[in-house]
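Scroll down for the structure; my scribbles are underneath it.
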Amino acid sequence: MIRETTQAGTVHMAIQGYEGSFHQEAANLYFKKQVTVECCDTFKEVIAAAKDPDRTDGCLMAIENSIAGSILPNYNLLQGSDLRIIGEVYMQINQNLLVNQDVELEDIKEVHSHTMALQQCYEYLDQFRWKLVDAEDTALSARHIAQHKARHIAAIASKLAAELYGLKVIAPKIQTLKNNYTRFLVLRRREDLPAAAEGDKASINFHTDHSKGSLAKVLSIIAKEKVNLTKLQSFPIPGTQFRYQFHADMEFEQINDFEKMMDKIKPVTTGLKVYGIYKRGSWK
Numbered sequence: 000m001i002r003e004t005t006q007a008g009t010v011h012m013a014i015q016g017y018e019g020s021f022h023q024e025a026a027n028l029y030f031k032k033q034v035t036v037e038c039c040d041t042f043k044e045v046i047a048a049a050k051d052p053d054r055t056d057g058c059l060m061a062i063e064n065s066i067a068g069s070i071l072p073n074y075n076l077l078q079g080s081d082l083r084i085i086g087e088v089y090m091q092i093n094q095n096l097l098v099n100q101d102v103e104l105e106d107i108k109e110v111h112s113h114t115m116a117l118q119q120c121y122e123y124l125d126q127f128r129w130k131l132v133d134a135e136d137t138a139l140s141a142r143h144i145a146q147h148k149a150r151h152i153a154a155i156a157s158k159l160a161a162e163l164y165g166l167k168v169i170a171p172k173i174q175t176l177k178n179n180y181t182r183f184l185v186l187r188r189r190e191d192l193p194a195a196a197e198g199d200k201a202s203i204n205f206h207t208d209h210s211k212g213s214l215a216k217v218l219s220i221i222a223k224e225k226v227n228l229t230k231l232q233s234f235p236i237p238g239t240q241f242r243y244q245f246h247a248d249m250e251f252e253q254i255n256d257f258e259k260m261m262d263k264i265k266p267v268t269t270g271l272k273v274y275g276i277y278k279r280g281s282w283k
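Following numbering that gives the first Met the number 0, the numbering of the sequence shown begins with 0 at its first residue and continues without gaps.
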């Protein structure tokens, strides 16, 4: 698939999901709406599209959620992709009840959405005797009720989906847990990296020789330097018996502090890779 030419200053990024998905909302947030999207069915396809210069400029991919935790398969995709992290965005996930413009609450008989979105809204949904129907995607359920001009079906999806498909938000922010954030990574190909900026966060992968205390040595060095370890995630090394590698996120004030720390842990690791140095995201 050959991508269409984008306007000057606009990037074309692969995302998982359909038009109106939370991934597209996050892309708009990070790129200040100077972005078009390549919609993909799976995260594996997202990475494939991001690696192909004829399709995209890169991708934006969810990596962890404040409630559900790490999206482990996506860490594995990152590791095998050779893509580089250039940024991150934290976005609050607000689930909204959407209907066609002439529909009122008393007209609703069914609610369609992805099963996870439905589960996140049970406290609100339990007030009604609506039939809950699992859908493939939140944005796709919104598009479905818009296309069919449904009078008795609502969808749970993003505010962006309501805007794109001309729907009405009849009940906003109906998720049970309001403090629900997802962290998304922005990935680009190595050869297309923008001019180096002064970053204050980095993501690395490392593994040790698994001798006694080897991991403790690495963590001790990090603790002694001016670097704040914000995440440590272990993964099995393929083809080995219960040996592990580690993904680490860390924050710092000066890039020199990070580089000094890297020089010190290199001798006590058997594999060390930097996924990216970038500006830390803020909670929106």
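Where is the CB? At the ideal position from N, CA and C, for every residue including glycine.
Worksheet item: Is the distance from the Cβ of Gly-198 to the Cβ of Lys-278 below 8 Å?
Response: For the purposes of this step, residue 198 is taken as the residue at position 199 of the sequence shown. For the purposes of this step, residue 278 is taken as the residue at position 279 of the sequence shown. Closer than 8 Å, so yes.
Worksheet item: Rounded to a whole number of angstroms, what is the C-alpha to C-alpha distance between Thr-35 and Leu-77?
Response: As a first step, residue 35 must be located in the sequence shown, where it is residue number 36. As a first step, residue 77 must be located in the sequence shown, where it is residue number 78. A straight line joining the alpha-carbon of Thr-35 with that of Leu-77 spans about 22 Å.
Discussion item. Can you list, in chain order, the residues of its chain with a C-beta nearer than 6 Å to that of Tyr-180? Leave out the 5 residues immediately preceding and following it.
Written reply: The sequence position of residue 180 within the sequence shown is 181, counting from 1. If we look at Tyr-180 and ignore the five residues flanking it on each side, its Cβ neighbours are Ser-65, Tyr-89 and Gln-91.
Worksheet item: Nearest to Lys-177 by alpha carbon, out of Gln-126, Ile-144 and Tyr-121?
Response: Position 178 of the sequence shown, counted from the first residue, corresponds to residue 177. When C-alpha distances from Lys-177 are compared across Gln-126, Ile-144 and Tyr-121, the shortest belongs to Tyr-121.
Discussion item. Does the contact criterion of 3 or more C-beta pairs under 8 Å hold for the region 153–172 versus the region 50–61?
Written reply: No, the region 153–172 is not in contact with the region 50–61.
Item to complete: Let me know if Asp-248 comes out buried or exposed under the rule of 16 or more other beta-carbons within 10 Å of its beta-carbon.
Response: As a first step, residue 248 is located in the sequence shown; it is residue number 249 there, counting from the start. Note on Asp-248: 16 or more other CB atoms within 10 angstroms of its CB, so buried under the neighbour-count rule.
Fill in: Buried or exposed by the 16-neighbour rule on C-beta atoms within 10 Å, applied to Ile-1
Here residue 1 refers to the residue found at position 2 of the sequence shown. Only weak support is given to the placement of Ile-1: the predicted model assigns it a pLDDT of 47, under 50, and the question is left unresolved by the model.
Worksheet item: To the nearest angstrom, how far is it from the Cα of Phe-257 to the Cα of Ser-140?
Response: Within the sequence shown, residue 257 is the residue found at index 258, counting from 1. Within the sequence shown, residue 140 is the residue found at index 141, counting from 1. Phe-257 and Ser-140: Cα-Cα distance of roughly 45 Å.
Item to complete: Could you pull out every residue in the same chain whose Cβ sits closer than 8 Å to the Cβ of Asp-191, ignoring the five residues on either side in sequence?
Response: Here residue 191 corresponds to residue number 192 of the sequence shown, with the count starting at 1. Counting only Cβ-Cβ distances below 8 Å, and skipping sequence neighbours, we find Pro-52, Asp-56 and Gly-57.
Discussion item. Which residues does DSSP list as the beta-bridge partners of Gly-205?
Written reply: As a first step, residue 205 is located in the sequence shown; it is residue number 206 there, counting from the start. The displayed chain sequence assigns Phe, not Gly, to residue 205. Its beta-bridge partners are Phe-245 and Leu-271.
Discussion item. Less than 8 Å between the C-beta atoms of Leu-59 and Met-12, yes or no?
Written reply: Within the sequence shown, numbered from 1, the residue matching residue 59 stands at position 60. Within the sequence shown, numbered from 1, the residue matching residue 12 stands at position 13. Taking the C-beta atoms as reference points, Met-12 is found nearer than 8 Å to Leu-59.
Discussion item. Relative to the C-alpha of Ala-61, which candidate in Arg-242, Gln-94, Ala-25 and Gln-240 has its C-alpha closest?
Written reply: Translated into positions along the sequence shown, residue 61 becomes position 62. Ala-61 has its Cα closest to that of Ala-25, out of Arg-242, Gln-94, Ala-25 and Gln-240.
Discussion item. Using a Cβ-Cβ cutoff of less than 6 Å, which residues in the same chain neighbour Arg-242 once the five nearest sequence positions on both sides are dropped?
Written reply: As a position in the sequence shown, residue 242 is number 243, starting the count at 1. If we look at Arg-242 and ignore the five residues flanking it on each side, its Cβ neighbours are His-209 and Ile-236.
Worksheet item: What do you reckon, are the CB atoms on Glu-18 and Arg-182 nearer than 8 Å?
Response: Translated into positions along the sequence shown, residue 18 becomes position 19. Translated into positions along the sequence shown, residue 182 becomes position 183. No. Outside cutoff.
Discussion item. Just verifying my parser: in three-state terms, what is the DSSP assignment at Gly-79?
Written reply: In the sequence shown, counting from the first residue as 1, residue 79 sits at position 80. Secondary structure of Gly-79 (DSSP, three-state): helix.
Discussion item. Assuming contact is defined by CB atoms lying nearer than 8 Å, are Asn-75 and Phe-234 in contact in what I supplied?
Written reply: As a working note, residue 75 is residue 76 in the sequence shown. As a working note, residue 234 is residue 235 in the sequence shown. Asn-75 is a Cβ neighbour of Phe-234, given a cutoff of 8 Å.
Discussion item. Tell me whether the region 167–174 and the region 95–111 touch, counting them as touching only if at least three CB pairs, one residue from each stretch, are closer than 8 Å.
Written reply: Taking a contact to require three or more Cβ pairs closer than 8 Å, the region 167–174 and the region 95–111 qualify as touching.
Worksheet item: Taking Cβ to Cβ, would you say Val-185 is nearer than 8 Å to Glu-37?
Response: Within the sequence shown, residue 185 is the residue found at index 186, counting from 1. Within the sequence shown, residue 37 is the residue found at index 38, counting from 1. Taking the C-beta atoms as reference points, Glu-37 is found no nearer than 8 Å to Val-185.
Fill in: Contact under 8 Å by Cβ, Asp-133 with Leu-117
By 1-based counting over the sequence shown, the position of residue 133 is 134. By 1-based counting over the sequence shown, the position of residue 117 is 118. A distance below 8 Å separates the beta carbons of Asp-133 and Leu-117.
Item to complete: Kindly indicate which residue of Ser-219, Lys-211, Asn-227 and Pro-193 has the alpha-carbon position closest to the one of Ser-202.
Response: Counting from one through the sequence shown, the residue named residue 202 turns up at place 203. If we check each option's Cα against that of Ser-202, Asn-227 comes out closest.
Item to complete: Answer with buried or exposed for Ile-85, where buried requires no fewer than 16 other C-beta atoms within 10 angstroms of its C-beta.
Response: Counted from its first residue, the sequence shown places residue 85 at position 86. With 16 or more other Cβ atoms within 10 Å, it is buried.
Worksheet item: Mind checking Ser-219: buried by the 16 CB within 10 Å criterion, or exposed?
Response: Numbered from 1 along the sequence shown, position 220 holds the residue referred to as residue 219. If you draw a 10 Å sphere on the C-beta of Ser-219, you find fewer than 16 other C-beta atoms in it, and that means exposed.
Practice prompt. Would you list the one or two residues that DSSP bridges to Trp-282?
Written response: Along the sequence shown, one-based indexing puts residue 282 at 283. For Trp-282, the beta-bridge partners assigned by DSSP are Tyr-89.
Worksheet item: Would the beta-carbon of Asn-255 be found less than 7 Å away from any heavy atom of the ligand GTP?
Response: This structure does not include the ligand GTP; it has no bound ligands of any sort.
Item to complete: Pull up the distance between the alpha-carbon of Lys-200 and that of Ala-222, whole angstroms please.
Response: The residue labelled residue 200 in the question sits at position 201 within the sequence shown. The residue labelled residue 222 in the question sits at position 223 within the sequence shown. Rounded to the nearest whole angstrom, the C-alpha separation of Lys-200 and Ala-222 is 15 Å.
Worksheet item: Taking C-beta to C-beta, are Phe-42 and Val-10 nearer than 8 Å?
Response: Along the sequence shown, read from residue 1 onward, the residue named residue 42 stands at position 43. Along the sequence shown, read from residue 1 onward, the residue named residue 10 stands at position 11. No; because the gap between Cβ atoms is not below 8 Å, this pair is not in contact.
Worksheet item: Does the distance from the C-beta atom of Val-98 to that of Trp-129 stay below 8 Å?
Response: Along the sequence shown, one-based indexing puts residue 98 at 99. Along the sequence shown, one-based indexing puts residue 129 at 130. No.
Fill in: Identity of the residue in Ser-157, Gly-68 and Gly-275 nearest Arg-189 by Cα
Position 190 of the sequence shown, counted from the first residue, corresponds to residue 189. From the listed residues Ser-157, Gly-68 and Gly-275, the smallest Cα separation to Arg-189 is found for Gly-275.
Worksheet item: What is the rounded straight-line gap between the Cα of Ala-138 and the Cα of Asn-73?
Response: Counting from 1 along the sequence shown, the entry for residue 138 is found at position 139. Counting from 1 along the sequence shown, the entry for residue 73 is found at position 74. Ala-138 and Asn-73 have their C-alpha atoms roughly 21 Å apart.
Worksheet item: Under the rule that 16 or more other beta-carbon atoms within 10 Å means buried, what is His-324, buried or exposed?
Response: Limits of the chain in this structure are 0 at one end and 283 at the other, which puts residue 324 out of reach.
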